[in-house]
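Remarks on the structure that follows.
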DNA sequence: ATTTAGATTGACGTTAACGTAAACCAAACC
DNA sequence: GGTTTGGTTTACGTTAACGTCAATCTAAAT
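Protein chains in written order, with our numbering: chain A, 1 to 132; chain B, 1001 to 1132.
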């Protein structure tokens, strides 16, 4: 018989922070900005597996250089009720805009990587020339 | 006979700013941070074609989410004297670190784009379902 | 019962990346 | 020769994204 424990792991704010490599302060700050809304046990914040996943989305957004406001917009996309047709059209526009941004970013990224690779080649050549 | 005009176009700070879609203030600020050092005609800043190219590198760095300090480090890589072997090794390390960062970013980027694409499909499906 | 360990909410401090306003020059135009 | 136009520096203001206390509470251990 297979068990799926009803709600597996819960985290305190410090536990979650450590696991993510950030500070509790940051997580609480994101909450004031409406990026995550953990449940509470009394007054204490309790984070679930899903909250953790959401936090990882936030951090990925940050690594990509987006502001918290941008990231909130992005996260809110997931929360749109798919039955509300009018909302869906707006969502679609947002998604398309975001995709456009990211494709520009991809171009920048590839260009920069190519330049760095070339620079790397020249470095390696120089270093090898010196040791021979 | 082929001419290569000695020094083609020069820009004032406002001209350059307009062409780049930023403010003069920003350009002057980058100067105080050591990111660009235009020549002067008396006290007035004069930017060359190369300065413009350098500014574009700066803006690309910004689009990629790097801080001005990061970008300065990146730009300084171009200025390393390739004959100084010791410097070259340090440069090589920096280049490799930066490449690592960008490859992480590329991963994040592709993942996010994939997710957005999926979201897009669902949106399109919903919208089409509603109009039929 | 009291210490302790970890949680909470303010409130203020800090850094980056500019914006904005003030006071000042200098060339150019009427 | 005054004035407009566009440049300069200096200084203070602002927003985002947290860091850093301080005061308080509370569940658990001694």
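Beta carbons are placed, not taken as given, at the ideal position from N, Cα and C, and that holds for glycine.
Fair warning: this is a prediction, and the values are worked out from it, not measured in the lab.
Residue 1082 of chain B has its alpha-carbon roughly 35 Å from the corresponding atom of residue 1018 of chain B. Using a C-beta cut-off of 8 Å, the region 64-78 of chain A makes no contact with the region 39-48 of chain A, since fewer than three inter-stretch Cβ pairs fall below that distance. Taking 7 Å as the cut-off between beta carbons, the residues of the region 1041-1062 of chain B near chain A are 1060, in sequence order.
Here residue 13 of chain A is buried, its C-beta having at least 16 other C-beta atoms within 10 Å.
Its Cα nearest to that of residue 1116 of chain B, the residue A:98 stands out among A:98, A:25 and A:10. Between residue 30 of chain A and residue 68 of chain A, the beta carbon gap of about 7 Å places them in contact (Cβ cut-off 8 Å). Residue pairing of residue 1041 of chain B in beta bridges, as defined by DSSP: B:1044.
At least 8 Å separates the beta-carbon of residue 1124 of chain B from that of residue 119 of chain A.
Taking the Cβ atoms as the reference, residue 1020 of chain B lies roughly 11 Å from residue 1054 of chain B, outside the contact range of under 8 Å. Residue 32 of chain A and residue 122 of chain A have their C-alpha atoms spaced approximately 48 Å apart. Proximity of residue 1075 of chain B to chain A, defined by a Cβ-Cβ separation below 8 Å, is not satisfied. A Cβ of chain A is located within less than 8 Å of the beta carbon of residue 1098 of chain B.
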